[in-house]
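The block underneath contains the structure these notes are about, expressed in structure tokens.
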Amino acid sequence: MSNTSSVLDMPEQAFAGLETRDAHAWFGKHHALAGVSLRFPAKSVTGLIGPSGCGKSTYLRLLNRMHEFIPNSAMAGEVLLHGDDIYGESVDPAAIRLKVGMVFQKPNPFPAMTIRENVISGLKLAHIKIDNEQDLVEKCLSRAGLWKEVKDRLDASGGSLSGGQQQRLCIARSLAVEPEVLLMDEPCSALDPGSTLRIEETIKELAEKITVVIVTHNMQQASRVSDYCAFFLSDGGPGVLVEADQTRKMFTNPTDTRTADYVQGKFG
Amino acid sequence: MSEFTIPQPTRPWDRKRSEVVRSGVSLAIVGLLSFAIVLFTGFSGVDGWALCILLLCVAVLIYRGRKLSKKERGNATVQLVITAAAILAFAPWLSIFGSVLVKGIVGLKVNFVTSDMRTTVPDDDLSMGGALHAILGSLLMVLMATIITLPLGILSGVYLTEIKGRFTFLVRFVIQSMSGVPSIVAGLFVFTTYVSATHGPTALGGSLALGILMLPTVARTAEEVLKLVPDDLRSASLALGARQWRTTLMVVLPTVRSGLITAGILGVARVIGETAPLLLTAGSSTAFWFNPVKGPIASLPIYVFGMLQIGTEYAVNRAWTGALVLMLAVFALFFTARKLGGKDKR
Amino acid sequence: MNIVAPVKREMHVVHSRGDKVFRGIVTAGALTSLVILGLIGSFLFARGAQVFSQYGLKFITGTNWSSSLDEGIPSEFGMGPMLVGTIIVSAIALLFAVPMSIAGALYIEFYATGRLRKILSGLLDLAAAIPSLIFGLWGIQVFTNFGQNWAEFLANRLGWFPLFNTISDNYGRSPFVAGCVLASMVVPITTSVAREVYSRTPRELIDTCYALGGSKWGAIKTVVLPFGKSGVVGGAMLGLGRALGETVAVYLVLNLNFRYTFRILESEGGNVASLIATRFGESSSEELTALVAAGFVLFLLTLTVNMIASAIVTRTTRK
């Protein structure tokens, strides 16, 4: 079945080059996600929403080949990046992950490293040569909205920052390898409201240059930061994509009654 | 919901069949080449083989690594190094299990466990004499050590988990440090305090030394086991008006009964092969008699040790057989502990 | 209107008489280990005191250990060569054991999968339970054949290196071979600790490395090794404690000779615990006192190492 709505149908937005076709995911015998076809719009924020256990995080991890690190996991369907299947025969998964970066739920700067080392750690890991370290560090930290706060203590440990700052450091770390797409898995769920707002501002700024896909189970957050929304739901079986559209439309005039019920807080 | 056909789950990240085949072919070539090298050059023995294979693997790595990026080449190199070092780490144990089994089984006849060395000299045929006295001696000493140590170990565990008094940190620290006391020092201690003050080596002396070595293991395992008891259970009992001592004795300890037995078994497994302290405290003999406070007593480790010291062919055979029995005993204890240990958790 | 601050009421648990008795018994039981440890130290010290006062620091540094039954010739007890020998053999053991343990732990935790992983971790647990006597038996009967070839190879090719220098061609029961046997005995201990610490590396940090385009080795180098560093040091110290105090495995393999030697490939060496085991049976009461004193030194040495080790391991595994 590939009759699910595709986000690209919005005329004013270009296509980001990332799409899934009939994507399925399993954990062992458990069928977690079924038949998701979705095309992501470029230079915008797409929110993946839905109650917990609906497969939205699984879907996110499918997009940059992080799903396969879970033992006994399996998948089916296609995930295409610029038309090439990222699960294809001769694809280097590390190269995919460089193009499609990821920020995790809990802030997790590398504990043994300074702020500066954290920012450039991705380049070291991927064996990418660094031309001008100082510029790069400043650029990434600025884009993550952290530069002003830490410019005088770049050699302090990453762990010395507050939770919100740590998460912005993690964003800066992901930006250093210049991904086309940044996946975020509930990046604010471990943070206080003030830090959450700062991160949301950062996300919006990022979307001017790159494509952001964010998983959130917070309706308000989805309506604040995202330009597009995809609603996932599981009725006990595998999670499916119910509806995907512009966020404004999803929250005011959704096509599917289940979406309406969910965004109005009737369940979830 | 519309009907859809569910596709077959796939794991595209698994190694491709072509890759597996290629690796297999490489390995086969490596094997054949090593065979040729061992046959026609100075390499020989197990270590010669291992070195050949390692060198050829490096060659294959270099050959196949031409096309890889620097990162992938580094990754593959490290994988080879780690695998080789891990094999080197595991090889001695496999060699030990193998040689104990192969060399020990030669002398493992019925008489080994049914007769002693009263009328047999070590050089006699293997169908004569045995280690019954040593086995009984070991059992007696280990049993006495357990009787002394198990209550103390459990009390320590109870103290650390139920009472949590002022000395908690100290007790835990002392138990940890005590597990590192060299066995010969424990033997020396019992010798200076007990053995030299009485009538020389006895079973009681041996079991005191073994008890010292057992205590940390028992105490630590008991603590681990008692930690698994959910606090709700204690609260529930206290809320019913039970005193702490009744709660501990009637509720907490019975819940982890098999875990506490596990603690004892692990303690026994820890000391049953101890040799050095028994040299000083229990001595050796050629037959078994049941008097814990008088006269030296044989034990399985000392039997092995003594036979090895004699060094003649049959004596060494007896030593290997003793080692086999000892190892089987340790493993049996170990598996029993595992079986029991899993029980409480469920 | 005045607000009167409420009076705080102290709350404390009141123990019944039964509970008090119970707590007393349990505390006494728990403190026996402390008492035993204290007794070991004080008794050995008291029995060896005479030697310490007679020889002073010379007991540690002295190079001669001769027991004389003749009234005219005085006995002399200095444990220097044995102490140095113990350290040499243990150092060789750690030199081999630590890298092998790190590799073994990484292999089980990150490279082996499925059934192999289960088999290897079971094997690891079993290996840690093998009595040291069996290591010694295997060492002298099986391993020495390999070990002496390796030693000979080293001596022939790298003989210019001071430690690999030899004057005889007897390589069998050398510190090198004994060190290798001890290494195989220490590896299970160190590997278990290392594996335990490595397995506590937060999964998210490893995932982050992969998400940044890193390889498996990249993730291990960036996250796992720094995270497990102090735990591995603690595990190595535990292994060191075991190696320093080991008796039978060394006794069976090493050719004990009372002389300073730094030629590790040659068939002679020293070890305090083996000295005690060797001399014990035939010692005069004077020598016995000296042996007890040597035991006390060994006790202090291993206790220090083990206390440091357990402090490190406790600190790193509790977080």
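Chains as they are written, first to last, in our numbering: chain E, 549 to 816; chain X, 15 to 360; chain P, 252 to 570. The C-beta atom is built at its ideal place from N, Cα and C for all residues, glycine as well.
Residues of the stretch 439-467 of chain P with a C-beta atom less than 9 Å from some C-beta of chain E are Pro453, Arg454, Glu455, Leu456, Ile457, Asp458, Thr459, Cys460, Tyr461, Ala462, Leu463, Gly464, Gly465 and Ser466, listed in chain order.
Exposure of serine 293 of chain P is indicated by the presence of fewer than 16 other C-beta atoms within 10 angstroms of its C-beta. Against chain E, the CB of threonine 473 of chain P has a partner CB under 8 Å away; the residue lies at that interface. Within 7 Å of the CB of glycine 430 of chain P, no CB atom of chain X is found; the nearest one sits about 13 Å away. When only Cα atoms are considered, leucine 789 of chain E and histidine 572 of chain E end up about 11 Å apart.
In this structure alanine 524 of chain P touches glycine 496 of chain P by the C-beta definition: roughly 6 Å separates them, less than 8 Å.
Here DSSP, grouped into helix, strand and coil, assigns glutamine 22 of chain X to coil.
Glutamate 734 of chain E sits buried, since 16 or more C-beta atoms from the chains shown fall within 10 Å of its C-beta. Residue X/Met341 holds the alpha-carbon nearest to the alpha-carbon of alanine 380 of chain P among X/Leu354, X/Lys353, X/Met341 and X/Gly355.
Residues of the stretch 51-83 of chain X with a C-beta atom less than 8 Å from some C-beta of chain P are Gly59, Val60 and Asp61, listed in chain order. Using a Cβ-Cβ cut-off of 7 Å, asparagine 612 of chain E is close to Ala462 of chain P, given in chain order. Interface residue (Cβ-Cβ distance to chain P less than 8 Å): proline 315 of chain X is classified as such. Among the residues of chain P, those whose CB is under 8 Å from the CB of arginine 645 of chain E are Tyr461, Ala462, Leu463 and Gly464, following chain order. Glutamine 794 of chain E is bridged by DSSP to E/Tyr776. At a Cβ-Cβ threshold of 8 Å, tryptophan 468 of chain P and glycine 79 of chain X do not count as neighbours. Listed by position along chain E, the residues whose Cβ is nearer than 9 Å to that of proline 477 of chain P are Phe658, Pro659, Ala660 and Met661. The C-alpha of proline 413 of chain P lies about 11 Å from the C-alpha of threonine 512 of chain P. When secondary structure is reduced to three states using DSSP, threonine 395 of chain P falls in the helix class.
Here DSSP, grouped into helix, strand and coil, assigns alanine 406 of chain P to helix.
For the pair tyrosine 776 of chain E and leucine 596 of chain E, the Cα-to-Cα distance works out to about 9 Å. Contact residues of the stretch 500-532 of chain P toward chain X are Leu503, Ala524, Ile527, Ala528 and Phe531 (C-beta to C-beta distance below 7 Å). In the DSSP secondary-structure assignment, aspartate 633 of chain E is bridged to E/Leu628. Every unbroken stretch of the alpha helix (DSSP H) spanning 4 or more residues and falling wholly within the stretch 258-320 of chain P is given here in chain order: 268-306 and 309-312. DSSP links phenylalanine 652 of chain E through a beta bridge to no other residue. Per DSSP, the continuous beta strand (DSSP E) segment holding proline 589 of chain E begins and ends at 578-589.
At a cut-off of 8 Å between beta carbons, tyrosine 635 of chain E contacts chain X. At a beta-carbon threshold of 8 Å, none of the residues of chain E lie near glycine 482 of chain P; the nearest stands roughly 13 Å away. Put simply, the backbone Cα of leucine 338 of chain X is about 9 Å away from that of valine 116 of chain X. Residues of chain E whose Cβ lies closer than 8 Å to the Cβ of glycine 387 of chain P do not exist, since the nearest Cβ in that chain is about 40 Å away. A contact is defined here as three or more CB-CB pairs under 8 Å, and the stretch 255-264 of chain X meets this definition with respect to the stretch 265-276 of chain P.
The stretch 162-176 of chain X makes contact with the stretch 227-247 of chain X; the number of CB pairs closer than 8 Å reaches 3 or more. When C-beta atoms of the stretch 439-455 of chain P are compared with those of the stretch 623-637 of chain E, fewer than three pairs fall below 8 Å, so the two segments do not count as touching.
Listed along chain E are Ala622, Met623 and Ala624, each with a C-beta nearer than 7 Å to that of threonine 24 of chain X. In this structure, the straight-line span from the alpha carbon of alanine 624 of chain E to that of glutamate 33 of chain X is close to 21 Å. Residue range 729-733 is occupied by the beta strand (DSSP E) that includes methionine 732 of chain E. Going by C-alpha positions, glycine 118 of chain X is about 30 Å away from leucine 222 of chain X.
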